[in-house]
Structures are given as structure tokens and as C-alpha cells.
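Down below is the structure, laid out as C-alpha cells.
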Amino acid sequence: MSAPPPATGPAVEHGARSVAPAEAATGRLGAGEAAVVITVVTAVTLLAVLQRPIPLVLTMITGAVMVLLAGRRAGRLLAAVAELAASGGGRG
């Protein structure tokens, strides 16, 4: 017996994992990308509250972001962060 064809069509390759075309077309962020956005917002909030940069914290945050941006989604992720910054961080 042969397997039924996939309902969403063939998978599209993105880096090390494959993504269904429906997910690629929606432009939604994945878990790692969402974590980076949350980290950026948290870092900015922390630095605003403390009103001074902490070198170790900044180094750790930068390292985590660089690891997560190692894939091909850096452009989309940076666009999401820029959109969040332009909208005032969700404040309305």
C-alpha cells in the first residue's frame, strides 16, 4: 500500500528543518524567533529600569541572539523586532 500524499503539499526546506508551505507563507515566528523577540524586549526593559548597562548581561544576551540567528531566518526576525520597536513595543 502506498502512503497518501500530504495534505499541504511538499515541504519547503529552510535551513536544517523542513517547513510546510502553509507555515512558510503565514510569516509567523517560530519558537526560537519568539524567544529572541522576548529576550530583546526583556533586555531593553531591564536596562531602562537599571539605567545602566551591565556588561555580563549584555554579553550573554548578545551570545544567545547570535546562536538563534545562525539560521537563515535572521532577516525575518530582525524585521519582526523592527516592527515591534516601530509600534512602540505594544504600548498603545
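In our numbering, the protein residues as written are 8 to 99.
Built from N, CA and C at the ideal position, the CB exists for glycine as well.
Just so we're clear, the structure is a prediction, and the values are computed from it rather than from any experiment.
Report the CB separation of residue i from residue j in whole angstroms; it is logged as a contact under 8 Å.
i, j, result
"alanine 7", "isoleucine 68", "What the structure shows of the chain is the stretch from 8 to 99, and residue 7 is not part of that stretch, so it cannot be assessed."
Is the beta carbon of residue i sitting closer than 8 Å to the one on residue j?
i, j, result
"valine 43", "leucine 75", "yes"
"leucine 91", "glutamate 40", "no"
Problem - Within the segment 57–94, ranges of the beta strand (DSSP E) (whole runs, at least 3 residues) - result: none
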